[in-house]
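A short worksheet on the structure shown next.
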Amino acid sequence: MTHVEPLHVLRRRTSEKWTAYPEDVLPMFVAEMDFPLAPSIQTALAQAVASSDTGYVNPHDNGAADAFAAFAHDRWGWAPSSDSIRYTTDVSVVIVESLRRLIAPGDGVIVTPPVYPPFFDLIPEAGGVVVEVPLTDDGESYTLDLAGIDRALAAGARSVLLCNPHNPTGTVHSRESLAELSRIVERHGASVVSDEIHAPLVHRGTDFTPYLTVSEEARAHGIAAESGSKAFNLAGLKTALFVAGSDRMTDLLRLLPDEVTFRTGLFGLIATREGFAAGRDWLDSTVASIEDNFRMLDQQLADHLPGARLRRPQATYLAWLDLSALGLGDDPAGWILKNAKVALMSGLAFGAEGAGYARMNLACAPETITEAIHRITNAIAS
Ligand SMILES: Cc1ncc(COP(=O)(O)O)c(C=O)c1O
Numbered sequence: 011m012t013h014v015e016p017l018h019v020l021r022r023r024t025s026e027k028w029t030a031y032p033e034d035v036l037p038m039f040v041a042e043m044d045f046p047l048a049p050s051i052q053t054a055l056a057q058a059v060a061s062s063d064t065g066y067v068n069p070h071d072n073g074a075a076d077a078f079a080a081f082a083h084d085r086w087g088w089a090p091s092s093d094s095i096r097y098t099t100d101v102s103v104v105i106v107e108s109l110r111r112l113i114a115p116g117d118g119v120i121v122t123p124p125v126y127p128p129f130f131d132l133i134p135e136a137g138g139v140v141v142e143v144p145l146t147d148d149g150e151s152y153t154l155d156l157a158g159i160d161r162a163l164a165a166g167a168r169s170v171l172l173c174n175p176h177n178p179t180g181t182v183h184s185r186e187s188l189a190e191l192s193r194i195v196e197r198h199g200a201s202v203v204s205d206e207i208h209a210p211l212v213h214r215g216t217d218f219t220p221y222l223t224v225s226e227e228a229r230a231h232g233i234a235a236e237s238g239s240k241a242f243n244l245a246g247l248k249t250a251l252f253v254a255g256s257d258r259m260t261d262l263l264r265l266l267p268d269e270v271t272f273r274t275g276l277f278g279l280i281a282t283r284e285g286f287a288a289g290r291d292w293l294d295s296t297v298a299s300i301e302d303n304f305r306m307l308d309q310q311l312a313d314h315l316p317g318a319r320l321r322r323p324q325a326t327y328l329a330w331l332d333l334s335a336l337g338l339g340d341d342p343a344g345w346i347l348k349n350a351k352v353a354l355m356s357g358l359a360f361g362a363e364g365a366g367y368a369r370m371n372l373a374c375a376p377e378t379i380t381e382a383i384h385r386i387t388n389a390i391a392s
């Protein structure tokens with residue numbers, strides 16, 4: 011189990027999670043972890059500080075790319091070549107810079123809400139227009155609406171921004187659905203940018219499928235966005251990877267200006283390398299703690315808030331909560347922040363499908379979850 015420092019120690023942090031709200035608010039909104047960094051990352055960063063190793067990144071240093079490729083091989087049976095990997099600051103930049111090269115200004119780009127809110131901004135930033143094809147929700151699980159995506163591509167959309175595993179639902183798309191998606195996209199001569207930032211956080215018993223492994227078609231038209239920033243809590247260190255799986259996409263990545271790589275932080279490259287290479291035990295124990303937290307939250311809801319429903323995820327630490335039966339309106343997170351002093355992400359930020367929902371961050375101590383449910387239950391009771 012990965013041990014978490016008490017709240018008064020966590021509050022010394024200065025990241026967004028710990029500074030956005032006053033001290034009486036329990037922060038469970040933005041996707042940052044309360045877990046301490048993996049020991050291998052702590053040691054490598056401490057050494058870098060001790061030796062004042064704070065210069066520019068060497069874009070030809072393959073350390074982080076090789077470590078990611080070895081991780082992808084060992085965990086997912088995928089062997090991307092480090093020649094087909096390029097660094098940049100973050101996954102958002104991978105998405106924007108990839109789309110800029112895959113679409114023309116004004117082209118439609120498909121997103122599958124409820125989905126990570128910045129997708130709605132990154133597409134216009136790249137010159138595209140957001141086309142929504144919501145996930146299919148059968149009440150139990152969420153899946154890609156492949157027929158809807160086919161129709162949207164037939165109507166002119168030129169790319170799909172895939173979220174796999176999906177934030178906020180924690181859905182891990184099946185190999186079959188991704189292979190079918192690749193055939194549909196190829197038939198329309200379109201492309202896919204696959205955001206796989208949550209992939210290392212897949213729960214035990216679920217297999218993650220990298221998009222570029224599903225077919226020749228996927229490799230021909232896809233770019234994957236990979237990162238250690240969610241799995242190892244490195245968002246502030248600013249490093250992510252573009253990954254290509256075909257000559258065509260590798261050539262496209264070669265056209266990226268050098269500055270796209272030079273803006274990466276050296277500490278990010280060091281931490282990414284150490285996470286993927288030597289942080290695997292830490293990661294496994296962290297995922298086990300996250301799974302325990304989901305079980306605990308489920309039990310807490312059953313015991314104290316039976317009207318609330320946790321949508322069971324297969325990956326990551328984000329709990330997608332259906333609170334529509336609690337009578338708190340379309341934006342329960344707003345009500346809860348005001349009345350219970352717990353900061354969640356509003357479901358509405360993820361698209362219209364998020365009405366009545368909120369997202370809770372479970373990368374925390376079990377006591378934080380108990381406290382949150384206690385605060386929410388008390389606020390509703392009064
Ligand atoms: C699906 C998804 N993509 C991208 C990001 C942001 O990644 P980055 O900080 O590397 O831009 C997040 C952050 O939570 C995310 O959940």
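Using this note's numbering, the letters of the sequence shown map in sequence onto residues 11 to 392.
All C-beta atoms, glycine included, are put in the ideal place defined by N, C-alpha and C.
None of these values were measured; they are calculated from a predicted model.
Taking only the alpha-carbon atoms, compute the straight-line gap between D71 and G289 and give it to the nearest angstrom. The straight-line gap from Cα to Cα measures roughly 20 Å.
Length of the line joining the Cα atoms of R197 and A165: Looking at the two C-alpha atoms, the distance is approximately 13 Å.
How about P175 and A228: are their beta carbons less than 9 Å apart? 9 Å or more divides the Cβ of P175 from the Cβ of A228.
Contact check, V101 vs S239, beta carbons under 9 Å: The answer is yes: Cβ separation under 9 Å.
Pick helix, strand or coil for N303, following the three-state DSSP scheme. Here DSSP, grouped into helix, strand and coil, assigns N303 to helix.
Let me know the secondary structure DSSP gives M355 once reduced to three states. M355: strand per DSSP, three-state reduction.
Could you check if S108 belongs to the surroundings of ligand 1, using beta carbon to heavy atom distance under 8 Å? In this structure, the C-beta of S108 stays at least 8 Å away from each heavy atom of ligand 1.
A250: beta carbon under 8 Å from a heavy atom of ligand 1? A250 Cβ: within cutoff of ligand 1.
Whether A329 touches A343 by CB criterion (9 Å): Contact: no.
Could you check whether the segment 271–278 touches the segment 64–80, counting it as contact only if at least three pairs of C-beta atoms, one from each stretch, sit closer than 8 Å? Between the segment 271–278 and the segment 64–80 there are three or more C-beta pairs closer than 8 Å, enough to call the two in contact.
Give the single residue among W28, I390, A48 whose Cα lies nearest to the Cα of A41. For the set W28, I390, A48, the Cα lying nearest the Cα of A41 is the one of W28.
For V103, verify whether its CB is less than 8 Å away from any heavy atom of ligand 1. Between ligand 1 and the CB of V103, the shortest heavy atom gap is smaller than 8 Å.
What do you reckon, are the CB atoms on A54 and E284 nearer than 9 Å? Contact flag set, yes.
Let me check one thing: in DSSP terms, what residues is D44 bridge-paired to? Per DSSP, none; premise fails for D44.
Please say whether A241 and L222 have beta carbons closer to each other than 9 Å? The answer is no: Cβ separation not under 9 Å.
Among residues of its own chain, excluding the 5 on either side of T282, which ones have a beta-carbon nearer than 6 Å to its beta-carbon? The beta carbon of T282 lies closer than 6 Å to those of A74, G238, T249 in the same chain, with the five residues before and after it left out.
Cβ shell of R21 (< 7 Å), same chain only, five flanking positions each side left out: Cβ neighbours of R21 beyond the five flanking positions: W28, E33.
Mapping the DSSP letters down to three states, classify P128 as helix, strand or coil. Collapsing the DSSP output to three states places P128 in coil.
Starting from D332, trace the beta strand (DSSP E) both ways and give me its first and last residue. Unbroken beta strand (DSSP E) run through D332: 328–332.
Looking at the structure shown, is P429 part of a helix, part of a strand, or coil, going by DSSP? Given that the chain is displayed from residue 11 to residue 392, the structure contains no residue 429 and the question cannot be resolved.
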